[in-house]
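Notes to accompany the following structure.
Laid out in structure tokens, this is it:
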């Protein structure tokens, strides 16, 4: 990494707390400083002032490191002292000061050592190795000082400040350090830097025709064998539009280079923007070995997709993607993403009630610290994605030409003796395990803690082929984590066998340079281009986000030949489903696509849900085949086989998930929602039965899926129809009607009670605050309208008055958002200053469809008024921005046609007129689905699938279920 302190390290953030216990650490820190000072006195080429700077840096570093590891122990101990009466001061503040004084004694730590048998040895190891590392750094600085002039461009002069790494430490407490000298700033790295130099030489040769000032580069380095020095890169925003365009073109160059060199782990902290240049500042993770993917049990198609993804550009870390690990869920720390405005807050442990003897560990929501990887204050990635692709395409073409001429392989030969590092497990995984291993319970019984950690790592290795499974290696990893180090695996690019912690070895010998060249030669360039385009979604949190586009609305449209045009477009939209599927030999199929999940958008094989997964694809194909059989859709060769493959994939996925749930014990539950989650799968299976695509097995699969609903509801903090407990209710009620089993109705009631418990009530209104929407949210897909709708459906099924009251309160909140001036409902997201929205997920379309069922709450006249207003707002403002079902014309079509049928539509709106308008827009512009336009997505909600389905439902005799009002 460039700076030793870009953000709290993954290993320490998990335990980071305000340094209130620092005075109690003096028995460890004072002797350490004394030992370091003795070592420094033996280095003749350091001045007295420099020795003071180095000692002070160690003091601050140890305070932070030890406090992160020991705060929990001290919190538990001070509370025990309070309860046991060992503190005599009259006030909580006084007893806090009294405890700190006691804790700053050797006797106190000796007592803690008796309570936690391995504690003292662990802390002593950390302190001794930190002292040793800093002494080594000081010796290297003294020896290399004169050589740094070439790196700095000036005489180094006196050391003025030293910043030791607050990031991850490896190999006995070693880490990156920043030395601020009179002549400039240098970065110290405790590893060989021959890879950095080889990469610089390679770039110079393959980009020889690029002006030096515009050519991607890495920092200049001074390689000293076992350590080295690197140029410090100063972040600078682009000066003008030309530099912005060059910056993103150069990002495309990096993608092409790292695709060839097998680069990984280039997250936001490893990229620094300097004008038109994205500079990669830590390039040791090149030539990632290709490891065979283990069968997942979810189907051969899924395994093939996973293998393609592992070999693709996503592994570089440059493309936007959301973290899934606990504590970093939803965080995008990619080299091109990491956009400040698009990051969720993360929860970290922190001291609560510090300064009193009632101090405890709580949770604090903090902003993710943003690295310096962007060329402007407010990045707008969608504007420059074309430049990224242009850069990738042009340099890839150049590399292909060099390879065809036999000139590329010789350019790669200098990398073979170079130092490389492999990161087999996410650093966040190590962070969580380090936190667990330093918990007081683990300190009290280290053997049990080791056993638990080994079990977790072994289970991960059984599922993830790219992680070590050898028990000897796993135990060495645990040894490192017990000391607070993140395990480190390294080799040389031409050797490939990894040296790991404790002298362990992992993976066979392999020439990784040749392997990467062969893999690049056989790579799927189309897939990589699609992934570049599709990954843009992952940079943005809001599923309704789309770039500013011209309207695709058609104001007047011919109603001639509506039926053949409708059928033609329904079939045309399904053809790419056949063309883009990844088929397995076991009869399964999948698609690699932008996918919305619990942590946001990501690029992966589609999952099982209705929103963008198998349940949605199966519903579409089953509906299509039903309409073909009725003569209302055109035959499509291969559609039957594709439907069977999707259903087989759903079947395998369900039974594999059940197997994992039953064998792995406690695992993170899936969301309960009606579009993203368990509820959507239940509803999907039962609709497949109703459409004749699956027999009685559908009910069995739905019931089996419902077995995991309780745990999902207990973990739910989303609440809405899309992903939360409200979305569980429609599927569970449908299942109860099909089985008449009380347990299924009981689960629906549990979902309703979960919603009532979570509601924030005020003045007869109810809303559901979340971390993303602390004041609650309106709308059908994400807010109170949809939640109230689900509670009303539950009341109708079970007759419980509390659910009717909950529905009334939810609708009262939604009613409070109606803006008379706009004749629409206010959108509490306040996106880009927009007051009201007209989408299904947020706004008039979804609300209008929901209000159709609210007669029991507000009466027929008010329902008709609101549906009329929703249709009017949709017709005025909601058409033509895209065609998808989530926030486009496909769902607007359903509302406007329903309103027309009931005499509630605006003038000029009729069933045929709106179908004609949609068809004319498709004919003029093609299907437009926002930022997924240029990448195929099988999504029912945000892709062409939902458009095709709504065209099928538009036939007046179609009896297909609505998926936007289930």
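Residue numbers (my numbering): 86 to 1051. The beta-carbon is built from N, C-alpha and C at its ideal position, and this holds for glycine as well. Keep in mind it's a predicted model, so treat the numbers as computed, not measured.
Thinking residue i and residue j are a contact (beta carbons under 8 Å), I'd like their distance in whole angstroms, please.
i, j, result
"residue 863", "residue 899", "5 Å"
"residue 692", "residue 701", "At roughly 10 Å, the Cβ-Cβ gap does not stay under 8 Å, so residue 692 and residue 701 are not in contact."
"residue 1004", "residue 654", "6 Å"
"residue 372", "residue 347", "5 Å"
"residue 1049", "residue 983", "The pair is not a contact, with the Cβ atoms about 11 Å apart (cut-off 8 Å)."
"residue 921", "residue 910", "6 Å"
Just the Cα atoms here: how many angstroms apart are residue i and residue j?
i, j, result
"residue 994", "residue 636", "19 Å"
"residue 400", "residue 350", "7 Å"
"residue 789", "residue 623", "32 Å"
"residue 656", "residue 933", "29 Å"
"residue 452", "residue 1027", "29 Å"
"residue 977", "residue 772", "23 Å"
"residue 421", "residue 509", "22 Å"
"residue 1023", "residue 377", "28 Å"
"residue 572", "residue 330", "39 Å"
"residue 628", "residue 963", "Low confidence applies to residue 628: its pLDDT is 48, below 50, so where it sits in the model is not reliable enough to give any reading."
"residue 112", "residue 471", "59 Å"
"residue 362", "residue 304", "11 Å"
"residue 945", "residue 967", "32 Å"
"residue 729", "residue 783", "13 Å"
"residue 632", "residue 467", "Note that residue 632 scores a pLDDT of 44, beneath 50, so its modelled location is shaky; the value from the coordinates is reported in the next line. Taking the straight line joining both Cα atoms gives about 7 Å."
"residue 1043", "residue 352", "50 Å"
"residue 694", "residue 758", "9 Å"
"residue 203", "residue 567", "10 Å"
"residue 774", "residue 459", "50 Å"
"residue 243", "residue 254", "27 Å"
"residue 941", "residue 948", "10 Å"
"residue 924", "residue 974", "9 Å"
"residue 734", "residue 865", "30 Å"
"residue 416", "residue 424", "10 Å"
"residue 669", "residue 386", "4 Å"
"residue 902", "residue 661", "41 Å"
"residue 247", "residue 419", "28 Å"
"residue 294", "residue 480", "12 Å"
"residue 630", "residue 687", "Only weak support exists for where residue 630 lies, its pLDDT of 46 falling under 50; the coordinates are left without a value."
Tell me, please, which residues DSSP counts as bridged to residue i.
i, result
"residue 401", "Residue 401 is not bridged to any residue."
"residue 271", "264, 316"
"residue 365", "356"
"residue 682", "685"
"residue 434", "448"
"residue 922", "Bridge partners of residue 922: none, in fact."
"residue 308", "313"
"residue 606", "Its beta-bridge partners do not exist; DSSP assigns none."
"residue 674", "668"
"residue 259", "255"
Specify, as a first and last residue, the run of the alpha helix (DSSP H) that residue i falls within.
i, result
"residue 1057", "Residue 1057 is absent from the model: the chain starts at 86 and stops at 1051."
"residue 775", "763-775"
"residue 690", "Segment 685-690 is the beta strand (DSSP E) holding residue 690; no alpha helix (DSSP H) there."
"residue 197", "191-200"
"residue 154", "133-168"
"residue 513", "512-522"
"residue 214", "204-229"
"residue 713", "699-714"
"residue 815", "810-824"
"residue 1039", "Unbroken run through residue 1039: none, as it is neither H nor E."
Please list the terminal residues of the continuous beta strand (DSSP E) segment that includes residue i.
i, result
"residue 915", "No beta strand (DSSP E) contains residue 915, which DSSP labels as neither H nor E."
"residue 451", "445-451"
"residue 618", "Not the beta strand (DSSP E): residue 618 falls in the alpha helix (DSSP H), residues 610-619."
"residue 507", "504-507"
"residue 379", "No beta strand (DSSP E) contains residue 379, which DSSP labels as neither H nor E."
"residue 245", "244-249"
Looking at the ligand FAD, does it come within less than 7 Å of residue i, judged from the CB to the closest heavy atom?
i, result
"residue 908", "This structure simply doesn't include the ligand FAD, nor any ligand for that matter."
Counting only runs of 3+ residues fully inside the stretch 836-912, write out the beta strand (DSSP E) ranges in chain order. Runs found: 845-847, 850-852.
Runs of 4 residues minimum, wholly inside the stretch 542-590: which ones carry the alpha helix (DSSP H) assignment? 556-567
Which full runs of the alpha helix (DSSP H) of 4+ residues lie inside the stretch 930-990, going along the chain? 940-962, 974-986
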